[in-house]
Each structure stands twice: as C-alpha cells, then as structure tokens.
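Asker: Sequence positions in the sequence shown follow this note's numbering and run 3 to 193. Got a structure for you, questions after.
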Amino acid sequence: MKQILLFFLKPLSFLPALLMMYLIFRFSAQTGEISGNLSYEVSYKIVEIGNEVLNKGLEEWEISNYAYEIEYPVRKLAHMTEYFLLAIALSFPFYVYGLRGFPLMLVAGSICVAFACGDEYHQSFVAGRGPSVKDVIIDSTGAFFGILTVRIICWIFLTPARVVERQEAFAYRKAAKRRARRRNSNRRNLR
C-alpha cells in the first residue's frame with residue numbers, strides 16, 4: 003500500500019516547481035510599464051519601512067528619490083529570488099527521486115537556465131520588455147544558489163540518517179557472518 007501511495011504522490015512533488023514557473027511566466031507577461039510600476043512600488047515600500055524603522059524622518063519626495071535609486075537592484079534581486087525559489091522547488095523532488103551530487107546540479111541547473119532563456123525570449127514579445135543575457139546570468143546565479151541550498155540542507159539533515167542506515171546494515175551483515183562461522187564451526191565439531 004505504501005508503494006502505491008508513493009507512486010502517486012511522488013510526481014506531485016513537482017507541483018511547487020510548476021507553480022513557480024507559472025508565476026515567473028505571469029510576471030514576464032506584464033508590460034514594461036506595469037512591471038516598472040510594480041518594481042517602483044516595492045522599492046518605495048522598502049524605503050518607507052526603512053524610514054519608519056530607522057526613524058529617519060524622510061519626506062515624501064526623499065522617499066520617492068531613494069525608491070528610484072534602488073528600483074534597479076530591487077528588480078534584479080527579484081529575478082534572482084524567483085529562480086532561487088524555482089531551483090529549490092525543482093531540486094527537492096529530484097533529490098527524492100535519488101538524483102544527488104553533481105547530477106542534481108546539472109539537471110536542475112539546466113532546467114532553470116533553459117527556463118530563464120525561454121523566459122527572456124518570451125519577454126521579447128511583451129510591450130516595453132526585451133530579452134537580456136544579463137538577466138539570464140542573474141537568473142542562473144539565483145538558481146545555482148537555490149540548488150546549493152538544497153544540497154546543503156539535504157547533506158545536513160538527510161545524510162546522518164543514511165549513515166545510520168549503512169552502519170546498521172554493516173552491523174547486520176557482520177552479525178550474519180559471525181552466525182554463519184559459528185554454524186560452520188559447530189558442524190566441524192560434530193564430525
């Protein structure tokens with residue numbers, strides 16, 4: 003029963019990755035104006051919160067100026083974050099399927115980079131947007147760190163369990179060999 007359940011549930015582990023791909027596609031489908039306004043609003047909110055937390059007493063026009071200054075880095079950080087999350091959402095299911103180490107980085111990384119290229123191509127058809135090799139590099143960097151994060155998390159939390167399993171299997175084999183030697187020894191003594 004457990005095997006049947008796993009057979010049907012394992013493919014569902016890719017749903018978060020598909021959802022991330024959909025979200026990235028939707029953000030890329032926004033016109034340049036809408037996307038720019040969204041970046042500005044996020045930047046404005048960041049400066050506004052910083053102003054309140056640090057108690058700087060900035061006026062409206064100063065907050066607006068700072069928001070314009072950080073809009074570009076915020077936009078690029080959003081690119082990186084999207085692909086960081088996509089890489090995590092892709093890497094965990096592959097890890098569950100047994101893909102680990104360099105092959106995990108190669109497969110998940112290739113999918114993320116290919117999606118980034120496709121995403122940039124898609125943007126060439128959207129008003130006010132265009133493809134950018136720089137964005138593919140930024141997206142790929144985010145994906146690399148996402149995959150690396152999954153590898154570190156799995157190494158920290160899952161490797162100790164596998165080590166214990168191997169130790170138990172080794173101890174079981176060792177005990178089985180001892181029992182087999184005793185049986186052989188007892189048979190020789192009986193002759």
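Glycine included, C-beta positions come from ideal geometry on N, C-alpha and C. Just so you know, these numbers come straight off a predicted model, no measurement behind them.
1) Is the separation between the beta-carbon of residue 69 and that of residue 148 shorter than 7 Å?
2) List the whole-angstrom C-beta distance separating residue 96 from residue 118, where the pair is believed to meet the contact cut-off of C-beta under 8 Å.
3) Rounded to whole angstroms, what is the Cα-Cα separation between residue 60 and residue 53?
4) For the stretch 173-180 against the stretch 99-114, do three or more pairs of beta-carbon atoms, one drawn from each stretch, fall closer than 8 Å, so that the two count as touching?
5) Let me confirm a value: residue 130 is counted as buried when at least 16 other C-beta atoms fall within 10 Å, else exposed. Which label applies?
6) Identify whether residue 128 lies in helix, strand or coil by the three-state DSSP scheme.
7) Let's test the definition: count the other Cβ atoms within 10 Å of the Cβ of residue 92 and tell me whether it reaches 16, buried, or not, exposed.
8) Identify, in the order they occur along the chain, each residue of the same chain with its Cβ nearer than 6 Å to the Cβ of residue 71, setting aside the five sequence neighbours on each side.
9) Less than 7 Å between the beta carbons of residue 45 and residue 73, yes or no?
10) Starting from residue 47, trace the alpha helix (DSSP H) in both directions and tell me its first and last residue.
11) Inspect the beta-carbon positions of residue 121 and residue 81 and report whether they are closer than 7 Å.
12) Excluding the five sequence neighbours on either side, which residues of its own chain have a C-beta within less than 6 Å of the C-beta of residue 144, listed in chain order?
13) Consult DSSP for residue 3 and reduce its assignment to one of helix, strand or coil.
14) Can you check which of these residues, 134, 100, 182 and 107, is closest to residue 161 by C-alpha distance?
15) Grab me the residues of residue 123's own chain with a C-beta within less than 7 Å of its C-beta, minus the 5 sequence neighbours each way, in chain order.
16) Straight-line CA distance for residue 180 to residue 16?
17) Go ahead and label residue 169 buried or exposed: buried means 16 or more other beta carbons lie within 10 angstroms of its beta carbon, across all protein chains shown.
18) Kindly indicate which residue of 141, 127, 187 and 158 has the alpha-carbon position closest to the one of residue 32.
19) Alpha carbon to alpha carbon, how far is residue 156 from residue 67? Give it in angstroms, no decimals.
Answerer: Put simply:
1) no
2) Their Cβ separation, rounded to whole angstroms, is 18 Å, which puts residue 96 and residue 118 out of contact at 8 Å.
3) 6 Å
4) no
5) exposed
6) Residue 128 falls in the coil class under three-state DSSP.
7) buried
8) none
9) yes
10) 34-56
11) no
12) Here residue 144 has 82, 85 and 86 as same chain residues with Cβ atoms under 6 Å from its own Cβ, once five neighbours each way along the sequence are excluded.
13) Assignment of residue 3 by DSSP, reduced to helix, strand and coil, places it in the coil class.
14) 100
15) Excluding residues within five positions, the ones whose Cβ falls inside 7 Å are 133.
16) Near 46 Å, if we compare the C-alpha coordinates of residue 16 and residue 180.
17) exposed
18) 127
19) 43 Å
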